[in-house]
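*Asks:* Shown below is the structure under consideration.
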Amino acid sequence: MLELFLRLERFTSRIALIAAVAMLVVSVSLGFYQVLTRFVFDAPSTWSEVMSRSSMIWCVFLGAAACFRGGYMMAVEVIYKLVPARALVWLELMVALCCLIVLAILVYFGTQMTMRVSAQMLSGVQISIAWVYAAIPVGAAFSVLAVLARIAAQVTRREPIGPAEAEAPAERPQDSSAVPSRQAPRHDVSSGPTKSSAAPTPTGLTGRTRS
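Final position of the sequence shown in the working numbering is 680; the numbers increase by one with none missing.
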């Protein structure tokens, strides 16, 4: 059952991320078109700015689902360092609970706001402004699934607990182990037999160069 839920959430988060990238491309393209019509052709468009802003709103709320799932939201890492390793699960549960409360509020009041402004139209475009406000409950609903899937994967030990660390502690022992390997051939060169065997070679080489 849990594997089925994680598979469903993976599918929905991928759809949200693809849609967020598409909305970002649309927003940037319309913003570039707005600049061209205003400063190049001296005939500013009346609809591109509104649509660019609306698509950016959709991009933010849809992209939040992927950020919740991957744990890319801002985190106070000091708390994770102060809390013992055994209590990290409870800390993640508390954080997930707070996120779910906020997301549930966004879903509830975002739906009411979307229905309330359904009669209003976007300026310059004959489209209901409810399509823009719908980004709030839709994006929050995707984020709810992402938060539930992340905490379920952490509780079942399918994913590591806590934010991803930027530093790699494994690099330090590699550097320290590489030091004696570089110093080892120096001791071999300074040993007795190597000096006696290497003594005739420079004389032969110098004799050849002189001749």
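Virtual Cβ for every residue (Gly too), placed ideally from N, Cα, C.
(1) For residue 624 and residue 471, I'd like the C-alpha separation in whole angstroms.
(2) Check residue 470 in the structure and name its three-state DSSP category.
(3) Among 483, 612, 486, whose alpha-carbon lies nearest the alpha-carbon of residue 575?
(4) Tell me, please, which residues DSSP counts as bridged to residue 590.
(5) Is it the case that the stretch 522 to 538 contacts the stretch 603 to 611, given that we only count it when at least three CB pairs across the two stretches are under 8 Å?
(6) How many angstroms separate the CA atom of residue 499 from the CA atom of residue 482?
(7) Could you give the residue range of the alpha helix (DSSP H) that holds residue 545?
(8) For residue 563 and residue 570, I'd like the C-alpha separation in whole angstroms.
(9) Could you tell me if residue 539 is buried or exposed, where buried requires 16 or more neighbouring beta carbons within 10 angstroms of its beta carbon?
*Replies:* In this structure, then:
(1) For residue 624 and residue 471, the distance between alpha carbons rounds to 11 Å.
(2) coil
(3) 612
(4) 597
(5) yes
(6) 25 Å
(7) Per DSSP, residue 545 belongs to no alpha helix (DSSP H) and is neither H nor E.
(8) 11 Å
(9) Classification for residue 539: exposed.
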